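Data first, discussion second: the structure below is written as structure tokens.
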Amino acid sequence: MKKWLKENIFVKDMFIYILIAALIFYIPVWALGFFGIVTSDSWYFGGAVAWVLFWAGPFTPTIPIIFAIAVFLKQLVKRIRGDKE
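Per this note's numbering, the sequence shown starts with residue 529, numbered consecutively.
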């Protein structure tokens, strides 16, 4: 387990994967905000704020989900590049 953590989590490029995963996780916020700007309808902004407030709650698995997406992206990139372990 320690070896896997050192090779996959505790590396410099994982920061970029975490940022990309956070952007993916918050796609509904970006979409609702965009629709709110385009249509000038406050309902979309309310939906975006509700999404953020819900996932910022204390009993939601936001961070583990973002880490899981980041690890998935890293493994996908590794598989596409053809890197062998």
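C-beta atoms are modelled at their ideal positions from N, C-alpha and C, and glycine is treated no differently.
In this text the structure is predicted, and so the values were computed from the model without any measurement.
Below 8 Å CB to CB, which residues in the same chain sit around residue i once its five sequence neighbours on both sides are set aside?
| i | result |
| --- | --- |
| A598 | M542, Y545, I546, I548, A549 |
| F563 | D569, Y572 |
Taking residue i and residue j to be in contact with their CB atoms under 8 Å, please state how far apart those CB atoms are, rounded to whole angstroms.
| i | j | result |
| --- | --- | --- |
| G561 | F573 | 7 Å |
| I594 | F553 | 5 Å |
| W579 | V557 | 5 Å |
Using a Cβ-Cβ cutoff of less than 7 Å, which residues in the same chain neighbour residue i once the five nearest sequence positions on both sides are dropped?
| i | result |
| --- | --- |
| G575 | L560 |
List the endpoints of the continuous alpha helix (DSSP H) containing residue i.
| i | result |
| --- | --- |
| S570 | 570–583 |
| P592 | 590–609 |
| P556 | 555–567 |
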